[in-house]
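Asker: Quick note on numbering: the sequence shown equals residues 1 to 281 in UniProt numbering.
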Amino acid sequence: MVAAHEDHQLGQAEASARLQAATRNIDEATDHASNPKRSLSPAENDRAVKRRGTLQKLWAPTQRDISVYIAHWLISSGLAYNTVASEGFKLLVQRLTGNLGATILVASTFRDLLTGVWFKYCNKTGGFFQRELKAAYGTFLNLHHDGWTTGNGKVGVLGTTASFIDKTWNHCEIALLLTVGNPSHAATDMQRVICSRIRDLYDVDISAMTQFTVLDTTASARKTSKLFEDSIVTNCTMHVLNLSLQYAIGMRENKETVDVYDPATNSCFSVKTLLYGWRRL
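And the structure:
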């Protein structure tokens with residue numbers, strides 16, 4: 001019911017409360033996992049402890065910790081929730097933890113934790129950008145952007161990546177956006193989506209940080225880059241990274257139909273070939 005009224009004030013308050021709870025659970029579980037002096041859960045009785053091995057006596061996660069660890073594994077491995085939604089996986093967790101009452105997090109809890117992880121990522125990324133901007137005393141990053149269509153040319157997609165050398169002289173490559181369903185390919189609309197979405201997600205003004213805009217050779221992409229007035233427009237094949245990201249998440253089948261000449265019959269025939277993560281330029 002709350003999800004059906006997510007735009008209402010009460011729905012937004014409920015979503016905010018769930019996000020805060022998920023973020024708090026993630027922080028507590030992470031601190032627990034990194035603590036070398038892990039203590040047993042106070043809910044465990046002495047009889048259950050005596051039946052455990054040495055490792056289990058040192059590591060006794062709470063049910064909340066187990067949910068966070070499972071969610072972290074799914075997210076970091078790019079796995080779907082259905083991977084753990086089975087009796088066999090629950091039995092595995094129960095045997096590993098020695099807790100026969102351990103359960104698997106439900107789908108709604110996983111979604112809340114996923115939102116919490118994303119929220120923490122956006123905050124950390126935005127803070128990282130702000131620190132680098134302060135250290136650089138000016139524009140410092142390369143903004144790679146590319147727009148394309150999928151679904152037989154009916155669905156517009158926009159990919160944006162930032163790359164730069166940070167203040168410790170390490171090379172950083174951060175995927176910022178992959179927006180689907182853009183109704184317009186006009187340069188002004190594309191530039192507006194890039195700036196507004198990055199501002200909403202990371203709370204930074206990306207145009208004030210962009211030293212170079214990196215794009216392919218299409219006229220529409222060049223028009224978009226020119227709207228970042230303080231940046232230098234650069235042509236580069238780095239847009240392949242955004243396309244590879246698209247293929248990696250399964251948005252588009254990475255195949256192409258090509259004509260092949262057969263010298264035996266002196267004729268051509270069509271075959272499908274794999275593009276291995278990028279389209280031919």
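Backbone N, C-alpha and C define an ideal beta-carbon position, used for all residues, glycine too.
Check for me: the alpha helix (DSSP H) holding Ser207 runs from which residue to which?
Answerer: From DSSP, Ser207 is part of no alpha helix (DSSP H); its letter is neither H nor E.
Asker: Can you give me the Cβ contacts of Ser231 inside the same chain, cut-off strictly under 8 Å, excluding the 5 residues immediately before and after it?
Answerer: Here the set comprises Thr139, Leu143, Ser207, Thr210, Gln211, Phe212, Thr213 and Ser225.
Asker: Alpha helix (DSSP H) containing Trp118: first to last residue?
Answerer: Segment Ala107 to Ala136, the alpha helix (DSSP H) holding Trp118.
Asker: With distances taken between CB atoms, is the gap from His185 to Gly156 smaller than 8 Å?
Answerer: A contact, by the Cβ cut-off of 8 Å.
Asker: What separation, rounded to the nearest whole angstrom, lies between the Cα atoms of Ile75 and Val271?
Answerer: Distance between the alpha carbons of Ile75 and Val271 is about 37 Å.
Asker: Excluding the five sequence neighbours on either side, which residues of its own chain have a C-beta within less than 8 Å of the C-beta of Leu19, listed in chain order?
Answerer: If we look at Leu19 and ignore the five residues flanking it on each side, its Cβ neighbours are Asp112, Thr115, Gly116 and Phe119.
Asker: Of the choices Asn82, Tyr121, Val68 and Met190, whose alpha-carbon is the least far from that of Asp203?
Answerer: Nearest of Asn82, Tyr121, Val68 and Met190 to Asp203, Cα basis: Tyr121.
Asker: Just reading off the beta strand (DSSP E) that Phe164 is part of, what are its end residues?
Answerer: Phe164 -> beta strand (DSSP E) spans Val155 to Ile165.
Asker: Whether or not the stretch 99 to 107 and the stretch 62 to 72 are in contact is what I'm after, with contact meaning three or more pairs of Cβ atoms, one per stretch, closer than 8 Å; do they touch?
Answerer: At 8 Å Cβ cutoff, the stretches touch.
Asker: What are the start and end residues of the beta strand (DSSP E) that includes His72?
Answerer: Element bounds for His72: not the beta strand (DSSP E) but the alpha helix (DSSP H), Gln63 to Ser77.
Asker: Roughly how many whole angstroms lie between the Cα atoms of residue 289 and Ala21?
Answerer: What the structure shows of the chain is the stretch from 1 to 281, and residue 289 is not part of that stretch, so it cannot be assessed.
Asker: Do you know how far the Cα of Lys167 is from the Cα of Glu132?
Answerer: If I take the Cα positions, the gap works out to 7 Å.
Asker: Relative to the C-alpha of Ala221, which candidate in Trp148, Ser163, Thr109 and Leu96 has its C-alpha closest?
Answerer: Minimum Cα distance to Ala221 is reached at Trp148.
Asker: Cutting at 7 Å between CB atoms, please list the residues of its own chain near Cys195, excluding the five before and the five after it.
Answerer: Around Cys195: Ile206 and Ser207.
Asker: Candidates Asp216, Val93 and Phe269: which alpha carbon is nearest Asp146's?
Answerer: Out of Asp216, Val93 and Phe269, Asp216 has the C-alpha closest to the C-alpha of Asp146.
Asker: Which value, in whole angstroms, describes the spacing of the CA atoms of Val49 and Glu173?
Answerer: With a pLDDT of only 49 at Val49, under the threshold of 50, the placement of this residue in the model should not be trusted; the figure read from the coordinates follows. Their backbone Cα atoms lie some 47 Å apart in a straight line.
Asker: Report back the beta-carbon spacing between Ala162 and Leu176 to the nearest angstrom; my notes put them in contact at under 8 Å.
Answerer: Contact holds; Cβ gap of about 6 Å.
Asker: Nearest by alpha-carbon distance to Lys154: which of Leu91, Phe129, Ile165 and Val180 is it?
Answerer: The shortest C-alpha separation from Lys154 is found at Val180.
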